[in-house]
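Trainee: Below is a structure I'd like to ask you about.
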Ligand SMILES: Cc1cc2nc3c(=O)[nH]c(=O)nc-3n(C[C@H](O)[C@H](O)[C@H](O)COP(=O)(O)OP(=O)(O)OC[C@H]3O[C@@H](n4cnc5c(N)ncnc54)[C@H](O)[C@@H]3O)c2cc1C
Ligand SMILES: Nc1ncnc2c1ncn2[C@@H]1O[C@H](COP(=O)(O)O)[C@@H](O)[C@H]1O
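Protein chains in written order, with my numbering: chain A, 80 to 343; chain B, 20 to 339.
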């Protein structure tokens, strides 16, 4: 199996404050830590496990700045073979469609059986790139994949898509295909020390738009389906009544409320 | 104004609520609302939908017995080319996510996914969606186009009472060729575990904030003191710290206990969808901006490892 895995470097905002910056269209990222997009971590693992079972190659690809090398190298350290990073100033402001166009241009020339993406990115959460990429490449796709089985001849796969309520929808499709991988499909490994050392020496091929035969107008805001006009804080309903004080006090207050409501 | 197409969603003999939500929402924009229904023997659905739409286009064919992206994309694309709607809405669901981006690429139609609010300026949608797990709203402006496609988050619109009697029109299946590349096999239900959290009166929901498997006793002891069952966010289930049947949310269970005490859960909408119907919601989270505080009744902004053991103590004291 020849496989490609798309990985994205994203800020970790689950536990940090998020501040809209002066442009109103981005956030202040100076105090945030970054890592691989959660679903992509599972996608990398899935590709590597298939390679370990059936042989083949895993090509890692990312659209992003130099910092993204960190996430690419981690995927290489776990068992990826080669890597491409697409970087071009004109990519700024790209939505999922524009990202998919850049990825498609890079992947088109490769021999691949499966392209993996994550189910969605933790920052924009659009769940667009994988399925758009499949259509651009003219191949099959399945979204929210939580089970992959390569069928005997290696030309077909059986995949399980996770739907609402945890219901699994199984389907069979011909390869090549793009699969968008859902979290929990496997147990992502940690890279070994040896793997990390080897990956540090590997070359990451940097491609600009012209290397890919793309025009600046096809990406960025100009080549996107939609542009972000502005961010605003979310509209929330009535906020929780926040109990204040030291843990001892807040715990006592909460216990009293629960008691009063007949819950204890 | 051009017509608004709404793709009906159903699965295993049930019409999905998102269909009525989208139809009700679309009714407020002024255009003719046309429901698109693909299926096999779906007269009942067509009649129900007719109460919410100005027109229902039904394609009844074996190939639509179960959702198949290949069949759906071909049929939708053909109907759109024939009828030229200005807007197509579908659910931001396991189905919509699998279909919309490919269709949008094929038709060259701008797509905005997972919208949580929608305003129309003439034929042009100005949707709102969320970034960073619900921490920010993003106001999106699609490029000018003849057709826009949007996938709509659950509960963005409220399903109204039926008030229309749209004409049900059976159309011939525009897909003439065989569906050759993708084949539906079967649906498989998730496994049933020892505790059915949908029946629990009290639930302690645990999230990634618990950090490690070995910290689980912190919440287990609280649950025990309360006489509550343990539930979890997807992050905890993915990590293998609790079995999948404890997962609350869009791809897990929907629960409505008397108390849902969320510990170290950020409150992503996929989680909230499954527990917002709880009678009393309490959140313990160290991040004051965690979206969970937007739906909780009571909150404590602090380190769970400091608060939860104290809370366990106090509950034990109260119980004597
Ligand atoms: C198709 C799809 C379906 C999904 N279905 C579901 C679903 O059914 N259920 C579900 O839950 N999710 C679901 N998700 C995932 C969802 O988007 C979130 O990723 C998930 O809910 C996050 O879980 P969490 O809140 O535990 O973790 P995080 O978002 O990482 O939040 C952890 C929280 O813990 C807090 N915290 C950390 N340390 C401490 C501490 N010491 N004390 C106090 N607080 C602390 C942090 O401030 C943070 O708010 C789905 C996603 C997709 C794409
Ligand atoms: N800049 C990027 N570089 C590489 N892959 C990406 C990039 N952006 C998105 N992807 C892939 O597309 C998936 C879905 O992203 P999205 O459609 O933005 O939710 C991610 O999980 C990645 O696998």
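From the three backbone atoms N, C-alpha and C, an ideal C-beta is built for every residue, glycine too.
For the segment 189-206 of chain A, which residues have a CB atom closer than 9 Å to at least one CB atom of chain B, in sequence order?
Mentor: Answer set for the segment 189-206 of chain A: 198, 199, 201, 202, 203, 204, 205, 206.
Trainee: Quick check: is the beta carbon of residue 270 of chain B nearer than 8 Å to any beta carbon in chain A?
Mentor: Yes, its Cβ sits closer than 8 Å to a Cβ of chain A.
Trainee: Kindly indicate if chain B contains any beta-carbon less than 8 Å away from that of residue 170 of chain A.
Mentor: Answer no: the Cβ-Cβ gap between residue 170 of chain A and chain B never drops below 8 Å.
Trainee: Sorry if obvious, but does the Cβ on residue 200 of chain A come closer than 7 Å to a heavy atom of ligand 2?
Mentor: Yes, Cβ of residue 200 of chain A sits closer than 7 Å to a heavy atom of ligand 2.
Trainee: Could you tell me which uninterrupted beta strand (DSSP E) segments, each at least 3 residues in length, are contained entirely in the segment 235-274 of chain A, listed from first to last along the chain?
Mentor: Counting whole runs of 3 or more residues, the segment 235-274 of chain A contains the beta strand (DSSP E) stretches 235-241, 247-253, 256-260.
Trainee: Using a Cβ cut-off of 8 Å, pull out every chain B residue sitting near residue 240 of chain A, in sequence order please.
Mentor: What residue 240 of chain A touches in chain B: 113, 117.
Trainee: I need the boundaries of the beta strand (DSSP E) containing residue 144 of chain B, first residue and last residue.
Mentor: Residue 144 of chain B -> beta strand (DSSP E) spans 143-150.
Trainee: Applying the criterion that 16 or more other CB atoms from any shown protein chain within 10 Å of the CB defines a buried residue, is residue 149 of chain A buried or exposed?
Mentor: The residue in question, residue 149 of chain A, is exposed, as its Cβ has fewer than 16 Cβ neighbours within 10 Å.
Trainee: Please specify which runs of the alpha helix (DSSP H), each continuous and at least 4 residues long, are wholly inside the segment 170-222 of chain B, giving them in chain order.
Mentor: Fully enclosed alpha helix (DSSP H) runs of 4 or longer: not present.
Trainee: So with CB distances below 9 Å, who are the chain E contacts of residue 214 of chain A?
Mentor: Among the protein chains of the structure shown, namely A and B, there is no chain E.
Trainee: Please list the residues of the segment 189-220 of chain B that have a C-beta atom closer than 7 Å to any C-beta atom in chain A, keeping them in chain order.
Mentor: Answer set for the segment 189-220 of chain B: 200, 201, 202, 203, 204, 205, 206, 207, 208, 209.
Trainee: Please list the residues of the segment 125-143 of chain B that have a C-beta atom closer than 7 Å to any C-beta atom in chain A, keeping them in chain order.
Mentor: Per Cβ criterion, the list reads 125, 129, 130, 131, 132, 133.
Trainee: For ligand 2, is there any heavy atom lying closer than 7 Å to the beta carbon of residue 146 of chain A?
Mentor: No, the beta carbon of residue 146 of chain A sits no closer than 7 Å to any heavy atom of ligand 2.
Trainee: Quick check: what's the CA-CA separation for residue 277 of chain B versus residue 170 of chain B?
Mentor: Roughly 33 Å between the two C-alpha positions.
Trainee: Just the C-alpha distance for residue 28 of chain B and residue 145 of chain B, rounded to the nearest angstrom, thanks.
Mentor: The alpha-carbon atoms of residue 28 of chain B and residue 145 of chain B are separated by roughly 24 Å.
Trainee: DSSP on residue 115 of chain A, reduced to helix/strand/coil?
Mentor: DSSP places residue 115 of chain A in strand when its eight states are reduced to three.
Trainee: My output table needs one value for residue 318 of chain B: the three-state DSSP class, helix, strand or coil.
Mentor: Strand.
Trainee: Which bits of chain B does residue 343 of chain A rub up against, with CB to CB less than 8 Å?
Mentor: Neighbours of residue 343 of chain A on chain B, chain order: 245, 334, 337, 338.
Trainee: Short check: CB of residue 274 of chain A to CB of residue 156 of chain A, under 8 Å?
Mentor: Yes. Within cutoff.
Trainee: Might you give, ordered along the chain, the residues of its own chain that have their beta carbon closer than 7 Å to the beta carbon of residue 184 of chain A, omitting 5 neighbours on each side?
Mentor: Contacts found: 291, 292, 293.
Trainee: To which residues of the same chain is residue 123 of chain B closer than 6 Å at the C-beta, ignoring the five residues directly before and after it?
Mentor: Answer for residue 123 of chain B: 130, 168, listed in chain order.
Trainee: Taking DSSP's pairing of strands, which residues face residue 90 of chain A in a bridge?
Mentor: DSSP output for residue 90 of chain A lists A:113 as bridge partner(s).
Trainee: Would DSSP call residue 191 of chain A helix, strand or coil?
Mentor: Coil, per DSSP.
Trainee: I'd like the list of long-range same chain contacts for residue 110 of chain B, defined as Cβ closer than 8 Å, with 5 residues on each side in sequence excluded.
Mentor: Cβ neighbours of residue 110 of chain B beyond the five flanking positions: 26, 28, 35, 37, 38, 41, 170, 171, 173.
Trainee: Please report whether the beta-carbon of residue 151 of chain A lies at a distance below 8 Å from any beta-carbon of chain B.
Mentor: So no, residue 151 of chain A is outside the interface.
Trainee: Checking 8 Å against the spacing of the C-beta atoms, do residue 94 of chain B and residue 194 of chain B come in under that value?
Mentor: Contact: yes.
Trainee: What residue ranges within the segment 251-293 of chain B form continuous beta strand (DSSP E) runs of no fewer than 3 residues, ordered along the chain?
Mentor: Complete beta strand (DSSP E) runs here, min 3: 278-282.
Trainee: Determine the contact status of residue 313 of chain B and residue 290 of chain B, defining contact as a CB-CB distance below 8 Å.
Mentor: Contact flag unset, no.
Trainee: Here's a check: name, in chain order, each residue in its chain whose Cβ is nearer than 6 Å to the Cβ of residue 281 of chain B, leaving out the five neighbours to either side.
Mentor: Here the set comprises 224, 302, 311.
Trainee: Per DSSP, which residues does residue 138 of chain A bridge with? Please list them.
Mentor: For residue 138 of chain A, which the question treats as bridged, DSSP gives the partners A:83, A:161.
Trainee: Does chain B have any CB closer than 8 Å to the CB of residue 125 of chain A?
Mentor: It does not: the Cβ of residue 125 of chain A has no partner Cβ on chain B nearer than 8 Å.
Trainee: Going along chain A, which residues have a C-beta under 7 Å from residue 325 of chain B?
Mentor: By Cβ distance, chain A contributes 326.
Trainee: Would you kindly check if the distance between the Cβ of residue 178 of chain A and the Cβ of residue 310 of chain A is under 8 Å?
Mentor: The answer is no: Cβ separation not under 8 Å.
Trainee: For the candidate residues A:283, A:247, A:301, whose alpha-carbon lies nearest to that of residue 85 of chain B?
Mentor: Selected option, being the one with the closest Cα: A:247.
Trainee: Quick check on residue 157 of chain A - is its C-beta less than 8 Å from some C-beta in chain B?
Mentor: Residue 157 of chain A does not count as touching chain B.
Trainee: Expressed to the nearest angstrom, what Euclidean distance is found between the alpha-carbon atoms of residue 111 of chain A and residue 89 of chain A?
Mentor: Rounded to the nearest angstrom, the two C-alpha atoms are 10 Å apart.
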